[in-house]
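To keep things clear, I will list the structure first and then write my remarks on it.
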């Protein structure tokens, strides 16, 4: 089984690669590679789309790599390969992003990416650091995870889902902030699982062994 982490010049992938390699070795989860090659993405058994920075820049970078967006859509939409979006990679699953300007997303999960506006003025944006997950729905990715487990966040915008059933977990940061989304063979995590210690590594292992 091959898991590809897509490299589209959107951040440092070193820590994510190492975390996925470690958990693949520990959980018999196959092999992991980082690639910007559309042919490798098209053949992958599982796909991870990370992302750091602004929604429009990440969308332009993904769209600008020859054949990469088409290969991603073919693998996920047609072949139903298990998919995990991380941070802005999760946000790109939305219908629309509103960071700086309106930018279309993959439209895999209905909703919009909008600014975080805490109802407590003492809470700063970006939402940065550890926060307690609140699980909204059961999912195999949560095996060994429970409400109260910590995850590490760094973001100023969050995903408002159109269908509440597709929000699998959230955190409280002066209001509900979406933490995990999912539908079909697709998952998204707003936090960085590779930086979220035990809980994050467990969810990576769960994804690598998930059979939707």
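Numbering (the numbering used here), first residue to last: 1 to 212.
Note that the Cβ used here is the ideal one computed from N, Cα and C, for glycine as well.
Endpoints, the alpha helix (DSSP H) within which residue i is located
i	result
residue 102	That residue, residue 102, is in no alpha helix (DSSP H); it is neither H nor E in DSSP.
residue 59	55-64
residue 199	197-208
residue 151	Note, residue 151: premise wrong, no alpha helix (DSSP H); beta strand (DSSP E) at 150-155.
residue 1	Run containing residue 1: none; DSSP gives neither H nor E here.
residue 90	88-91
residue 114	No alpha helix (DSSP H) holds residue 114; the beta strand (DSSP E) holding it covers 111-115.
residue 69	68-73
residue 43	38-43
Contact under 8 Å by Cβ, residue i with residue j
i	j	result
residue 118	residue 210	no
residue 88	residue 58	yes
residue 30	residue 4	no
residue 47	residue 86	no
residue 178	residue 207	no
residue 97	residue 161	no
residue 40	residue 68	no
residue 164	residue 185	no
residue 109	residue 181	yes
residue 51	residue 11	yes
residue 49	residue 189	no
residue 27	residue 195	no
Alpha-carbon spacing of residue i relative to residue j, whole angstroms
i	j	result
residue 8	residue 36	6 Å
residue 60	residue 192	22 Å
residue 21	residue 145	20 Å
residue 172	residue 17	29 Å
residue 95	residue 43	26 Å
Rounded Cβ spacing between residue i and residue j (contact assumed at less than 8 Å)
i	j	result
residue 187	residue 136	So it is not a contact: roughly 14 Å between Cβ atoms.
residue 201	residue 23	6 Å
residue 129	residue 100	That pair is no contact at about 24 Å.
residue 134	residue 170	5 Å
residue 62	residue 92	7 Å
residue 199	residue 155	About 18 Å separates the two Cβ atoms, so there is no contact after all.
Residue i - containing beta strand (DSSP E), residue span
i	result
residue 180	176-183
residue 23	Segment 14-26 is the alpha helix (DSSP H) holding residue 23; no beta strand (DSSP E) there.
residue 132	127-132
residue 172	167-172
residue 46	46-49
residue 76	No beta strand (DSSP E) holds residue 76; DSSP gives it neither H nor E.
residue 32	31-35
Worksheet item: Would you call the region 125-136 and the region 47-57 touching, i.e. three or more CB-CB distances under 8 Å?
Response: no
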